[in-house]
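Peer 1:
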Amino acid sequence: MAIGKSVNRGLPAICSATVLLLAACAGPASMRAPAAASPGANVNLSGFPAEFRKGYTDGCSSARGSRVRDESRFKDDLQYASGWRDGYDICSRR
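In the numbering used here, each number is its position in the sequence shown, counted from 1, plus 24.
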């Protein structure tokens with residue numbers, strides 16, 4: 025019976041410590057990964073030129089409903105146009 029009482033007294037302390045550790049691991053909201061707000065956020069485009077990345081983002085936005093396309097860039101910039109088509113095609117399938 026004496027052992028049971030000492031375990032019962034230690035249980036709240038263990039629970040409190042666990043809650044504190046979990047809360048500390050969560051971190052502030054500013055440190056958390058952003059939600060997938062930008063189109064195609066879960067696609068790694070780091071090795072592509074800026075023009076392609078911009079086209080991809082615009083194409084993905086277009087596939088999700090709001091048509092976004094810089095017509096002059098689409099016509100004159102092959103990287104932008106290629107990125108736009110890829111973004112549109114990939115995001116249309118999601």
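Every residue, glycine too, gets a C-beta built ideally from N, C-alpha and C. For clarity, every value in this text was computed on a predicted model and none was experimentally measured.
Figure out for me which residue from Gly-89, Cys-84, Arg-88 has the closest Cα to the Cα of Tyr-104.
Peer 2: To locate residue 104, count along the sequence shown from 1; it is residue 80. It is Cys-84.
Peer 1: For Ala-74, count neighbouring Cβ atoms within 10 angstroms of its own Cβ and tell me buried if that reaches 16, exposed if not.
Peer 2: The residue given as residue 74 occupies position 50 in the sequence shown. Exposed is the call here.
Peer 1: Excluding sequence positions up to five away, which residues of its chain have a Cβ less than 7 Å from the Cβ of Ser-86?
Peer 2: Indexing the sequence shown from 1 puts residue 86 at position 62. Excluding positions up to five away in sequence, the list reads Val-92, Arg-93, Tyr-112.
Peer 1: Taking Gly-83 as part of the alpha helix (DSSP H), name the residues at either end of that continuous run.
Peer 2: Here residue 83 refers to the residue found at position 59 when the sequence shown is read from its first residue. Looking at the DSSP string, the run of the alpha helix (DSSP H) that includes Gly-83 is 74–87.
Peer 1: So is Lys-99 buried or exposed if we call it buried at 16+ other beta carbons inside 10 Å?
Peer 2: Residue mapping note: residue 99 aligns to position 75 of the sequence shown, counting from 1. Label assigned to Lys-99: exposed.
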